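Novice: Residue numbers (our numbering): 7 to 116. Using N, Cα and C, we set each Cβ at its ideal position, and we do this for glycine too. Quick caveat, the model's predicted, so the values are computed rather than measured.
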């Protein structure tokens, strides 16, 4: 599974417009082939800081998304409404729940 996350600082007077834009875009992005998730998170310590997280079944699906108009609109919104942004691309090797985490860190109890 592949994902990208976009860290953004949104201009204070543009927060509502940014959230509305992402809400509008989310349906189209989630409908793209092999999209597993598209979510927006707000940093609890920085009221103007947000993270967009998008997960894709394959790298090819994510790369197809990068060529899609939805991605262009997302980046355009980040440039127009934001003060700064950074994008990171990751490959998820494994994913699991509490049991998975406990096994990975080899603790008897958490």
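Sort out for me which residues DSSP pairs residue 9 with in a bridge.
Specialist: In the chain shown, residue 9 corresponds to position 3, counting from 1. The partner list for residue 9 (beta bridge, DSSP) reads 61, 96.
Novice: Just grab the DSSP bridge partners of residue 14 for me.
Specialist: Translated into the one-based positions of the chain shown, residue 14 becomes position 8. According to DSSP, residue 14 bridges with 56, 91.
Novice: I want to know whether the region 56–64 touches the region 9–29 - three or more CB-CB distances under 8 Å.
Specialist: The answer is yes - the region 9–29 touches the region 56–64, with three or more Cβ pairs under 8 Å.
Novice: Drop a sphere of 10 angstroms on the beta-carbon of residue 14, count the other beta-carbons inside from all chains shown, and report buried for 16 or more, exposed for fewer.
Specialist: Your numbering for residue 14 matches position 8 in the chain shown. Buried, because 16 or more other Cβ atoms sit within 10 Å of the Cβ of residue 14.
Novice: Is the beta carbon of residue 35 less than 8 Å from the beta carbon of residue 44?
Specialist: The residue you call residue 35 lines up with position 29 of the chain shown. The residue you call residue 44 lines up with position 38 of the chain shown. In this structure, residue 44 lies closer than 8 Å to residue 35 by Cβ.
Novice: Does residue 16 pass the burial test, meaning 16 or more other C-beta atoms within 10 Å, or should it be called exposed?
Specialist: Position 10 of the chain shown holds residue 16. Per the 10 Å Cβ criterion, buried.
Novice: Out of 89, 97, 47, which one is the CA nearest neighbour of residue 117?
Specialist: Outside the modelled stretch of the chain, which goes from 7 to 116, sits residue 117, for which no answer is possible.
Novice: What separation, rounded to the nearest whole angstrom, lies between the Cα atoms of residue 89 and residue 27?
Specialist: The count along the chain shown starts at 1 and reaches residue 89 at position 83. The count along the chain shown starts at 1 and reaches residue 27 at position 21. Taking the straight line from one Cα to the other gives about 16 Å.
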